[in-house]
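Student: Quick one: structure below, then a few questions.
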């Protein structure tokens, strides 16, 4: 479940229980492709002194392990980031932007490892979520200890797709009827659910997954939407995560 605990910021109840600095911005704070709104979000979350590491986000399946050389930078060619507090002892925040795609935040507090991923339809089919978890495991994380928050994304209600894409999702997710449904004479995909299935398949317990029913296209006052907005109104939100 999400709560707007800070004006303009939604936080996951499960991640809050882990005592992790995190949040998903809404459109009130601004377009997170820009520098100033990012600074504002960090300030609201108590992350002002943290070095933000972002992903370029190319709708692929590559995941990068953060090093000291990445602090304050955007890592090119990747859609996932992982960070170990044990290996890089610095105040680091991972950031993912989105405007219909799934922003995913993950943490294993025992191993002191965090992850963040951007999963659009291409990344979902390429298993970016699975790959991010695999890289977290290489840093010492255990799937049974990982807590995940699936951030605001477009709902199935607004995500109609071509038949060919629907077929690819059906084949990739064993014809799961929650992942792909036909209604209103169109195929619809639930990319949030498809990534939830990846989390479960990776061994993360269902009770460790926060997946509230949001739709960026429906919630005009809260979120940007690639499908809904015009060039004048379009922007992107950001999901951020860091250790206290």
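Numbering (our numbering), first residue to last: 1101 to 1344.
Yeah, the Cβ is synthetic: ideal placement off N, Cα and C, and Gly gets one too.
Determine the closest residue to residue 1094 out of 1204, 1135, 1203, with distance taken between C-alpha atoms.
Tutor: Shown here, the chain extends from 1101 to 1344; a query on residue 1094 therefore has no answer.
Student: Taking the C-alpha atoms as reference points, what is the distance between residue 1205 and residue 1242?
Tutor: Taking the first residue of the chain shown as 1, we reach residue 1205 at position 105. Taking the first residue of the chain shown as 1, we reach residue 1242 at position 142. Each residue's alpha carbon lies about 15 Å from the other.
Student: Shortest alpha-carbon distance to residue 1177 belongs to which of 1162, 1189, 1191, 1240?
Tutor: Taking the first residue of the chain shown as position 1, residue 1177 is located at position 77. The shortest Cα separation from residue 1177 among 1162, 1189, 1191, 1240 belongs to 1162.
Student: Exposed or buried, which one is residue 1336 when buried takes at least 16 other CB atoms within 10 Å?
Tutor: If you number the chain shown from 1, residue 1336 lands on position 236. Answer is buried; the Cβ neighbour count reaches 16.
Student: Considering just the uninterrupted stretch of the alpha helix (DSSP H) at residue 1135, what are its terminal residues?
Tutor: Translated into positions along the chain shown, residue 1135 becomes position 35. Where residue 1135 is concerned, the enclosing alpha helix (DSSP H) stretches over 1135–1144.
Student: What alpha helix (DSSP H) runs, 4 residues minimum, are completely inside the stretch 1170–1235?
Tutor: Taking only runs of at least 4 residues, the alpha helix (DSSP H) segments lying wholly in the stretch 1170–1235 are 1221–1225.
Student: Kindly list the residues whose CB is nearer than 8 Å to the CB of residue 1168, restricted to its own chain and excluding five residues on each side of it in sequence; keep chain order.
Tutor: Here residue 1168 corresponds to residue number 68 of the chain shown, with the count starting at 1. Taken in chain order, the residues that qualify are 1188, 1190.
Student: Between the beta-carbon of residue 1194 and the beta-carbon of residue 1153, is there less than 8 Å?
Tutor: Counted from its first residue, the chain shown places residue 1194 at position 94. Counted from its first residue, the chain shown places residue 1153 at position 53. Yes, Cβ-Cβ distance for residue 1194 and residue 1153 is below 8 Å.
Student: Excluding the five sequence neighbours on either side, which residues of its own chain have a C-beta within less than 7 Å of the C-beta of residue 1226, listed in chain order?
Tutor: Counted from its first residue, the chain shown places residue 1226 at position 126. Correct list, in chain order: 1160, 1161.
Student: Can you look up residue 1285 in the DSSP assignment and give me helix, strand or coil?
Tutor: Reading the chain shown from its first residue, position 185 is the one you call residue 1285. Correct three-state label for residue 1285: coil.
Student: Once DSSP output is grouped into helix, strand and coil, what is the label at residue 1310?
Tutor: The residue labelled residue 1310 in the question sits at position 210 within the chain shown. Looking at residue 1310 - three-state DSSP - the assignment turns out to be strand.
Student: With residue 1292 as the anchor, note down where its beta strand (DSSP E) starts and where it stops.
Tutor: Taking the chain shown and counting its residues from 1, the one referred to as residue 1292 is at position 192. From DSSP, residue 1292 is part of no beta strand (DSSP E) but of the alpha helix (DSSP H) over 1291–1301.
Student: When you compare the CB positions of residue 1311 and residue 1250, do they come within less than 8 Å of one another, or not?
Tutor: By 1-based counting over the chain shown, the position of residue 1311 is 211. By 1-based counting over the chain shown, the position of residue 1250 is 150. Contact: yes.
Student: Hey, residue 1326 and residue 1199 are a contact pair by Cβ (cut 8 Å); roughly how many whole angstroms apart?
Tutor: Sequence index remark: in the chain shown, residue 1326 carries index 226 (1-based). Sequence index remark: in the chain shown, residue 1199 carries index 99 (1-based). That belief holds up - the Cβ atoms of residue 1326 and residue 1199 are roughly 5 Å apart, short of 8 Å.
Student: Give the straight-line distance between the Cα atoms of residue 1277 and residue 1224, rounded to the nearest whole angstrom.
Tutor: Start at 1 with the first residue of the chain shown, and residue 1277 comes out as number 177. Start at 1 with the first residue of the chain shown, and residue 1224 comes out as number 124. Straight-line Cα distance between these residues: approximately 16 Å.
Student: Quick one, which of 1184, 1122, 1334, 1126 has its alpha-carbon nearest residue 1239's?
Tutor: Working through the chain shown from its first residue, we reach residue 1239 at position 139. Selected option, being the one with the closest Cα: 1184.
Student: Please check the pair residue 1146 and residue 1126, which I expect to be a contact at CB under 8 Å, by giving their CB distance rounded to whole angstroms.
Tutor: Here residue 1146 corresponds to residue number 46 of the chain shown, with the count starting at 1. Here residue 1126 corresponds to residue number 26 of the chain shown, with the count starting at 1. Not confirmed; about 18 Å, so no contact.
Student: What's the C-alpha gap between residue 1295 and residue 1148?
Tutor: Along the chain shown, one-based indexing puts residue 1295 at 195. Along the chain shown, one-based indexing puts residue 1148 at 48. Near 30 Å, if we compare the C-alpha coordinates of residue 1148 and residue 1295.
Student: Residue 1137: buried (16+ other C-beta within 10 angstroms of its C-beta) or exposed?
Tutor: Counting from 1 along the chain shown, the entry for residue 1137 is found at position 37. Buried is the call here.
Student: Is the stretch 1298–1313 touching the stretch 1102–1117, taking contact as three or more C-beta pairs under 8 Å?
Tutor: Cβ pair count under 8 Å is three or more, so yes.
Student: Alpha carbon to alpha carbon, how far is residue 1216 from residue 1340? Give it in angstroms, no decimals.
Tutor: Here residue 1340 refers to the residue found at position 240 of the chain shown. Here residue 1216 refers to the residue found at position 116 of the chain shown. Their Cα atoms are separated by approximately 8 Å.
Student: Taking C-alpha atoms, which residue in 1257, 1256, 1180, 1289 lies nearest to residue 1272?
Tutor: As a first step, residue 1272 must be located in the chain shown, where it is residue number 172. Cα-wise, what sits closest to residue 1272 is 1289.
Student: Under the three-state reduction of DSSP, which class applies to residue 1154: helix, strand or coil?
Tutor: Numbered from 1 along the chain shown, position 54 holds the residue referred to as residue 1154. The answer is strand: DSSP assigns residue 1154 an E or B state.
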